[in-house]
Amino acid sequence: MKNSKKVLVVFFSRTGENYAVGNIEKGNTHIIAEIIAKETGGKLFRIETVKPYPDEYKACVEIAKAEKENNARPEVKDDVKVEDYDVIFIGYPNWWGDMPMAVYTFIEKHNWTGKTVVPFCTHEGSGLSGTERKLKDACKGATVSEGLAIKGTIAQNSQAQARQSVKKWLESILQGK
Ligand SMILES: Cc1cc2nc3c(=O)[nH]c(=O)nc-3n(C[C@H](O)[C@H](O)[C@H](O)COP(=O)(O)O)c2cc1C
Numbered sequence: 007m008k009n010s011k012k013v014l015v016v017f018f019s020r021t022g023e024n025y026a027v028g029n030i031e032k033g034n035t036h037i038i039a040e041i042i043a044k045e046t047g048g049k050l051f052r053i054e055t056v057k058p059y060p061d062e063y064k065a066c067v068e069i070a071k072a073e074k075e076n077n078a079r080p081e082v083k084d085d086v087k088v089e090d091y092d093v094i095f096i097g098y099p100n101w102w103g104d105m106p107m108a109v110y111t112f113i114e115k116h117n118w119t120g121k122t123v124v125p126f127c128t129h130e131g132s133g134l135s136g137t138e139r140k141l142k143d144a145c146k147g148a149t150v151s152e153g154l155a156i157k158g159t160i161a162q163n164s165q166a167q168a169r170q171s172v173k174k175w176l177e178s179i180l181q182g183k
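Following this line, the structure appears as structure tokens:
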């Protein structure tokens, strides 16, 4: 990537009890976000909700389901000036075939005109579930690159493998950028 491009790596990720990985101290998407930031020299920013999600997996799944059904916009803490960057990676876990609703809260606070948005997600079988299309709609005026979907269990337990997948994907999408 050309040095002149300013890169931001925004992500949402949850700790606590999760599917197939037990109780985790660093979320699966967080691990991938750190790899991307290291490889691109980008700045990391974590989207966090004012009201935390429960540590217990099943309780979290129920809350996330209701939020998706209601198209909720949970309030988020802090912010980062997306407008100051050229390339913005947006990372999230697949929650019910979508991004967590808090990612939409974050997106809707910003102006995406002229930005390059690069999606990445962790999941346990559903992949990106059409979230690239959803990002195209939500980040109005941005160009959305091909996303990366990586299993949460790989991110959590096989980091060398995860790093290889990230590097390969970055090489393919960032040529010329
Ligand atoms: C609320 C919730 C809903 C989920 N829904 C899906 C799903 O629909 N498809 C899927 O493949 N994985 C699903 N998962 C699994 C997560 O996508 C996966 O564990 C992910 O790596 C978690 O990332 P994180 O540790 O960064 O939060 C769900 C997990 C949670 C907590």
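In this note's numbering, the protein residues as written are 7 to 183. Even for Gly, the Cβ is constructed at its ideal location relative to N, Cα and C.
In the structure shown, what three-state DSSP assignment does L176 receive? Of the three classes helix, strand and coil, the one that applies to L176 here is helix, per DSSP.
Take the Cβ of R139 as the centre, count every other Cβ of all protein chains shown within 10 Å, and call the residue buried at 16 or more, exposed below. The residue is exposed, with fewer than 16 neighbouring Cβ atoms inside 10 Å.
Cutting at 7 Å between CB atoms, please list the residues of its own chain near N117, excluding the five before and the five after it. So the list reads E89, once near-sequence residues are dropped.
Reference L141, options K157, T128, T122, closest by Cα: Ranked by Cα distance from L141, the options K157, T128, T122 are led by T122.
Considering only DSSP beta bridges, list what W101 is partnered with. Beta-bridge pairing links W101 to D104.
Through-space distance from Q167 to F112, alpha-carbon basis: For F112 and Q167, the distance between alpha carbons rounds to 30 Å.
First through last residue of the beta strand (DSSP E) which encompasses H129: H129: member of the beta strand (DSSP E) spanning 122-129, first to last residue.
Residues near E45 by beta carbon distance below 7 Å, same chain, minus five either side: For E45, where only same-chain residues beyond five positions count, the Cβ hits under 7 Å are V172, K173, L176.
Do you know how far the Cα of T128 is from the Cα of Y98? Going by the C-alpha atoms only, they are around 7 Å apart.
Looking only at its chain, what residues have a beta carbon closer than 7 Å to the beta carbon of K12, apart from the 5 residues adjacent to it on each side? Only D90, Y91, D92 meet the Cβ criterion.
Quick check on V18: does DSSP put it in helix, strand or coil? Going by the sequence as given, residue 18 is Phe instead of Val. Here DSSP, grouped into helix, strand and coil, assigns F18 to coil.
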